[in-house]
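The structure appears right after this line, and notes come after that.
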Amino acid sequence: MPVYLDYNATTPIDPRVTEAMLPHLTSVFGNPSSGHAYGAGPRAALSRARAQVANLIGADPQQIVFTASGSEADLLALRGPVLACGRRRPHVITQITEHPAVLETCRALHRLHGARVTVLPVDGHGILDPEVLAEAITDDTVLISVMAANNETGALQPLSELAAIAHARGALMHCDAAQATGKIALDVNESGVDLLTVVGHKMYAPKGIAALYVRDGVRLEPVVYGGGQEHGLRAGTENVALAVALGAAAQLAADDLRDGLPQQLAALRDDLHNRLTSALPDRIHLNGPVTQRLGNTLNISITGVAGHDVLTAAPQIAASTGSACHSGAHIPSPVLTAMGVPTAQALGALRLSLGRWSTHEDIDIAAVALLDAVDRFRQANGTGRRNSTV
Numbered sequence: 000m001p002v003y004l005d006y007n008a009t010t011p012i013d014p015r016v017t018e019a020m021l022p023h024l025t026s027v028f029g030n031p032s033s034g035h036a037y038g039a040g041p042r043a044a045l046s047r048a049r050a051q052v053a054n055l056i057g058a059d060p061q062q063i064v065f066t067a068s069g070s071e072a073d074l075l076a077l078r079g080p081v082l083a084c085g086r087r088r089p090h091v092i093t094q095i096t097e098h099p100a101v102l103e104t105c106r107a108l109h110r111l112h113g114a115r116v117t118v119l120p121v122d123g124h125g126i127l128d129p130e131v132l133a134e135a136i137t138d139d140t141v142l143i144s145v146m147a148a149n150n151e152t153g154a155l156q157p158l159s160e161l162a163a164i165a166h167a168r169g170a171l172m173h174c175d176a177a178q179a180t181g182k183i184a185l186d187v188n189e190s191g192v193d194l195l196t197v198v199g200h201k202m203y204a205p206k207g208i209a210a211l212y213v214r215d216g217v218r219l220e221p222v223v224y225g226g227g228q229e230h231g232l233r234a235g236t237e238n239v240a241l242a243v244a245l246g247a248a249a250q251l252a253a254d255d256l257r258d259g260l261p262q263q264l265a266a267l268r269d270d271l272h273n274r275l276t277s278a279l280p281d282r283i284h285l286n287g288p289v290t291q292r293l294g295n296t297l298n299i300s301i302t303g304v305a306g307h308d309v310l311t312a313a314p315q316i317a318a319s320t321g322s323a324c325h326s327g328a329h330i331p332s333p334v335l336t337a338m339g340v341p342t343a344q345a346l347g348a349l350r351l352s353l354g355r356w357s358t359h360e361d362i363d364i365a366a367v368a369l370l371d372a373v374d375r376f377r378q379a380n381g382t383g384r385r386n387s388t389v
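Residue numbers (numbering that gives the first Met the number 0): 0 to 389.
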């Protein structure tokens, strides 16, 4: 199997997470809302999972709402305040490099509910300037939604500053922390966010489970109506097995943060970056900030080579490009385009993201595979070989 360097797309399920959830797929099957003995175990497990997720982000357990995906959590976080605010034309602000789960929900709020939506620009590193946000807020602004970390570049947004600006004008602050949770220390009280999205399959839990932190006093219209589960915000009998999985993953993530895994991954990432830069001087371009980014994420472009061609020629690794293919034509990443990255550079982008099981050997394999792939293109174009040092 190829070396996996696409942890930002999805993570493998940690065996310890699988072990935690298995009893709830077999013998511990009761409905957590049942008052008899069969409901007691699932009910206790659900409470424990809620506490584990809350502990990871500095919240209280009753502030955690389980959902079926990060997109659903984002929907509740954006739609909920807009529909609950009672204003005729509520105003929502986000920024251009947000995940489509946020951007498309904003478009739907405009189309279906008449909300006014402002999409703010970012700078060349993908960072939103707090002053730009301050100028965009109006008296009708209900909600501001800005991600913690970008999924392509790892760029970290200044959440505390943005939240303070939002609160000064009476607006709520939502943060999609799908990429950041477990990779950096997050505390909802220190950051000041009112709503925060956590996603299971980005932190070694299965797909199909996520959570939304909701600060006390925040009024939301439910995303699913019915029996009143999840504090009345997301009805439907809870998937206890997946909630337990997310709780176990949150506990493991807290352990990783304590043990310094993010710093270890940053060292591996920088080793890979340095090897590529040494072998291809003046041809490696970092997309995104140098320091204000996730420690596991390396987004680079190689001059003269398309990212999809490099990965096709390097089957020893599994990674992502910064472009999408439509009808055979490759289109630059909207994130990189919004940052002002030239089209040729954006088409050359590679996103190499590391995770819990990345090793020095993986970096060795990746460096050699990438450089060999570039060599073949150079030779085919008659431009000579790279430096021999790897």
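Where a beta carbon is used, it is the ideal one built from N, C-alpha and C, also for glycine.
From a predicted model like this one, the values you see are computed outputs, not experimental measurements.
Alpha-carbon to alpha-carbon, residue j and residue i
i    : j    : result
R377 : L279 : 11 Å
A8   : A165 : 30 Å
N23  : A176 : Looking at the sequence itself, residue 23 is His, so the reference to Asn does not match. Distance between the alpha carbons of H23 and A176 is about 27 Å.
H325 : G259 : Reliability of the predicted coordinates at H325 is poor, the pLDDT of 49 falling under 50, and the value obtained from them is presented with this limitation in mind. Rounded to the nearest angstrom, the two C-alpha atoms are 40 Å apart.
V373 : V304 : 7 Å
L82  : L171 : 13 Å
P331 : V309 : 15 Å
H124 : M338 : 6 Å
G383 : H359 : Any reading at G383 must be qualified, since the residue scores a pLDDT of 49, below 50, and its modelled position is unreliable; no value is offered.
R49  : V131 : 36 Å
G69  : A379 : 44 Å
R257 : G199 : 19 Å
P314 : V2   : 9 Å
A67  : I208 : 5 Å
L108 : Y212 : 21 Å
N150 : R268 : 16 Å
Y421 : G235 : Outside the displayed range of the chain (0 to 389) lies residue 421, so it cannot be described from this structure.
E160 : T25  : 47 Å
G321 : G226 : 43 Å
D186 : R375 : 47 Å
E189 : A58  : 11 Å
Contacts around residue i, its chain only, beta-carbon distance under 7 Å, and the 5 residues preceding and following it disregarded
i    : result
V389 : Caution applies to V389, whose pLDDT of 47 falls short of 50 and renders its modelled position unreliable; the model cannot decide the point.
N31  : Residue identity check: residue 31 is Pro in the sequence provided, not Asn. G38, P41, R42, L45, E237, V239.
D128 : D122
T140 : H90, I92, R168, A170
M146 : E97, H98, Q156, C174, D175
G191 : S159, A162, A163, H166, M172
Proximity below 9 Å, CB of residue i to CB of residue j
i    : j    : result
G231 : N295 : no
A390 : S300 : In the structure displayed, the chain extends from 0 to 389; residue 390 sits before or after that span and is not available.
L351 : V16  : no
I56  : T180 : yes
I362 : D215 : no
V197 : A19  : no
E220 : G306 : no
D73  : S319 : no
According to DSSP, residues forming a beta bridge with residue i
i    : result
L296 : Correcting the residue type first, residue 296 is Thr in the shown sequence and not Leu. Paired residue(s): S352.
L476 : Because the chain in this structure spans residues 0 to 389, residue 476 falls outside the shown range and cannot be described.
I208 : Bridge partners of I208: none, in fact.
L195 : C174, Y212
T320 : L349
Cβ neighbours of residue i in the same chain (closer than 8 Å, five flanking residues each side left out)
i    : result
H272 : I283, L285, L297, I299
F28  : Y37, P41
L119 : I92, T93, Q94, I95, L127, V131, L132, A135
9 Å Cβ cutoff, residue i in contact with chain C
i    : result
N149 : Absent from the structure is chain C; it holds one protein chain and no more.
Same chain, Cβ closer than 6 Å to residue i, neighbours up to 5 away in sequence not counted
i    : result
T137 : H90
Could you tell me which uninterrupted beta strand (DSSP E) segments, each at least 3 residues in length, are contained entirely in the region 62 to 121, listed from first to last along the chain? 63 to 66, 90 to 94, 115 to 119
Could you pull out every unbroken beta strand (DSSP E) segment of at least 3 residues lying fully inside the region 135 to 168, listed in chain order? 140 to 144
List, from N- to C-terminal side, the alpha helix (DSSP H) runs of 4 residues or more that fit wholly inside the region 229 to 289. 239 to 258, 260 to 278
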